[in-house]
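Enquirer:
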Amino acid sequence: MRLFKKQSRTKGQALVEFAIIAAALLMIIFLIIEAARILWAWGTVQNAARAGARYAITGGFERDCSTQDIPKYSDLCADIDLRRPASVINKAHQNLAGLPLNEDVTSVFEDNEYYSIEVFGVDVLGQLKGSFLPAPYGPEPFAGAPNRPVIVRVTYRVPIITPFFSPILSSIPVFGQTTLYNEAFGQLGGTGQSAGAPPPVPPLPTPGVTPSPTPTSTPGATPSNTPTPESTIPNTPVPSVDPNSSGQPTLVGTITREEDFRDTEYTTLHFPKFDSLVRGCR
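Under numbering that gives the first Met the number 0, the sequence shown has 188 at position 189, and the numbering climbs by one with no breaks.
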């Protein structure tokens with residue numbers, strides 16, 4: 000005889016226990032899935048805001064309207080002064096790739112997959128301007144003046160897809176915001192260029208025949224000093240002396256002197272008394 004009787008388990012008890020455990024397990028699994036989707040969406044909008052701000056600080060913009068294919072921001076193409084913030088919005092929009100976006104222009108913040116890209120900036124007077132601000136500081140986006148802060152904010156509502164949580168909360172908003180300082184664009188040489196506009200390029204000369212250098216006057220021959228004409232000594236007859244009377248030598252001939260002094264006729268001295276001595280020496 001047994002003192003304790005073994006009790007048998009009721010049929011279906013394991014199924015009930017599994018249902019309770021499975022519900023809690025599935026809830027945890029779906030919670031992990033939704034949390035991962037929310038973190039992924041949050042990281043995406045953070046990266047989009049960062050990419051838009053980095054593009055904004057350069058002061059550059061696309062010449063063609065870059066938001067004409069984005070229905071929510073196609074109206075920015077009507078104003079040429081909004082090309083720079085439109086380029087910033089387009090850059091942020093490109094980095095939202097992978098997220099399902101609600102492009103309906105009538106969508107509101109509470110709708111699933113709603114998104115918005117806002118651009119704010121500080122002007123030269125220190126006043127904050129930008130998206131959705133009351134006039135005269137908005138509602139158009141403003142990318143900030145040179146050396147001033149620019150703020151890019153991206154908003155997105157992540158839809159809840161699991162049946163456990165969607166009846167409670169249909170979507171969760173996530174935000175990404177980046178604040179940077181603009182570079183000193185458009186201030187070359189202290190000129191008052193508009194933000195983002197490059198300085199004008201001076202016109203280049205049309206190529207043509209290369210002009211030859213202007214001829215200079217060749218210096219002529221240096222004038223020489225005019226020679227002073229010398230006086231011509233006329234041929235003056237030399238008087239002859241009779242040796243018989245005075246015993247002096249006789250001057251024979253004349254002295255002729257030309258202007259160039261090259262032809263000179265010298266005087267011959269004749270001593271009659273010494274002729275005999277000369278003949279003896281020979």
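All residues carry an ideal CB built from backbone N, CA and C; glycine is no exception.
Here the structure is a predicted model, which means the values were calculated and not measured.
So V87 and V118 are in contact, right, with Cβ under 8 Å, and what is the actual spacing, rounded?
Expert: Taking the sequence shown and counting its residues from 1, one reaches residue 87 at position 88. Taking the sequence shown and counting its residues from 1, one reaches residue 118 at position 119. About 5 Å separates the two Cβ atoms, so the contact holds.
Enquirer: Helix, strand or coil for T177 per DSSP?
Expert: For this step, residue 177 is matched to residue 178 along the sequence shown. Three-state result, T177: strand.
Enquirer: Do P148 and F184 have their beta-carbon atoms positioned less than 7 Å apart in this structure?
Expert: The sequence position of residue 184 within the sequence shown is 185, counting from 1. The sequence position of residue 148 within the sequence shown is 149, counting from 1. The answer is no: Cβ separation not under 7 Å.
Enquirer: Taking the straight line between their C-alpha atoms, what separation do you get for Q192 and G58?
Expert: As a working mapping, residue 192 is identified with position 193 in the sequence shown. As a working mapping, residue 58 is identified with position 59 in the sequence shown. Because the pLDDT of Q192 is 39, which lies under 50, any placement of that residue in the model is unreliable, and the number read from its coordinates should be weighed accordingly. C-alpha separation (whole angstroms): 11 Å.
Enquirer: Tell me whether the beta-carbon of S170 lies closer than 7 Å to the beta-carbon of N94.
Expert: Start at 1 with the first residue of the sequence shown, and residue 170 comes out as number 171. Start at 1 with the first residue of the sequence shown, and residue 94 comes out as number 95. Cβ atoms of S170 and N94: not closer than 7 Å.
Enquirer: If you reduce the DSSP assignment to three classes, tell me which class L98 lands in.
Expert: Residue mapping note: residue 98 aligns to position 99 of the sequence shown, counting from 1. Three-state result, L98: coil.
Enquirer: What are the boundary residues of the alpha helix (DSSP H) that F17 is part of?
Expert: Counting from one through the sequence shown, the residue named residue 17 turns up at place 18. Start and end: 12-55.
Enquirer: Taking 7 Å as the threshold (C-beta atoms), are A96 and I116 in contact?
Expert: Taking the first residue of the sequence shown as position 1, residue 116 is located at position 117. Taking the first residue of the sequence shown as position 1, residue 96 is located at position 97. Not closer than 7 Å, so no.
Enquirer: Can you name the residues that DSSP bridges to G129?
Expert: For the purposes of this step, residue 129 is taken as the residue at position 130 of the sequence shown. Per DSSP, F119.
Enquirer: Applying the criterion that 16 or more other CB atoms from any shown protein chain within 10 Å of the CB defines a buried residue, is T105 buried or exposed?
Expert: Counting from one through the sequence shown, the residue named residue 105 turns up at place 106. Exposed.
Enquirer: What's the gap between the Cα of V123 and the Cα of E182?
Expert: Numbered from its first residue, the sequence shown carries residue 123 at position 124. Numbered from its first residue, the sequence shown carries residue 182 at position 183. Each residue's Cα considered, the two are about 13 Å apart.
Enquirer: Across the stretch 36-43 and the stretch 159-175, are there enough close Cβ pairs to call them in contact, namely three or more that are closer than 8 Å?
Expert: Segments in contact, yes.
Enquirer: Hey, how far is the Cα of A47 from the Cα of A18?
Expert: Looking up residue 47 in the sequence shown gives position 48. Looking up residue 18 in the sequence shown gives position 19. Spanning the two alpha carbons is a distance of roughly 43 Å.
Enquirer: With a Cβ-Cβ cutoff of 7 Å, do L168 and I159 count as a contact?
Expert: The count along the sequence shown starts at 1 and reaches residue 168 at position 169. The count along the sequence shown starts at 1 and reaches residue 159 at position 160. Going by C-beta atoms, L168 is nearer than 7 Å to I159.
Enquirer: Can you grab the Cα-Cα spacing for the pair Y54 / P140, in whole Å?
Expert: Taking the first residue of the sequence shown as position 1, residue 54 is located at position 55. Taking the first residue of the sequence shown as position 1, residue 140 is located at position 141. Approximately 15 Å between the Cα atoms of the pair.
Enquirer: Just reading off the alpha helix (DSSP H) that I88 is part of, what are its end residues?
Expert: Here residue 88 refers to the residue found at position 89 of the sequence shown. That run of the alpha helix (DSSP H) goes 82-93.
Enquirer: So, for C76: in the same chain, excluding its five sequence neighbours on each side, which residues have a beta-carbon less than 6 Å away from its beta-carbon?
Expert: In the sequence shown, the residue the question calls residue 76 occupies position 77. Excluding residues within five positions, the ones whose Cβ falls inside 6 Å are C64, Q67.
Enquirer: According to DSSP, simplified to helix, strand and coil, what is Y114?
Expert: Start at 1 with the first residue of the sequence shown, and residue 114 comes out as number 115. In this structure, Y114 counts as strand in the three-state DSSP scheme.
Enquirer: Measuring CB to CB, does L179 end up less than 7 Å from A52?
Expert: By 1-based counting over the sequence shown, the position of residue 179 is 180. By 1-based counting over the sequence shown, the position of residue 52 is 53. Going by C-beta atoms, L179 is nearer than 7 Å to A52.
Enquirer: List the residues that DSSP assigns as beta-bridge partners of S65.
Expert: Numbered from its first residue, the sequence shown carries residue 65 at position 66. According to DSSP, S65 bridges with nothing at all.
Enquirer: What residues in its chain sit with their C-beta under 7 Å from that of G195, if we drop five residues either side in the sequence?
Expert: Your numbering for residue 195 matches position 196 in the sequence shown. In this predicted model, G195 has a pLDDT of only 45, less than 50, meaning its place in the structure is not dependable enough to derive any value.
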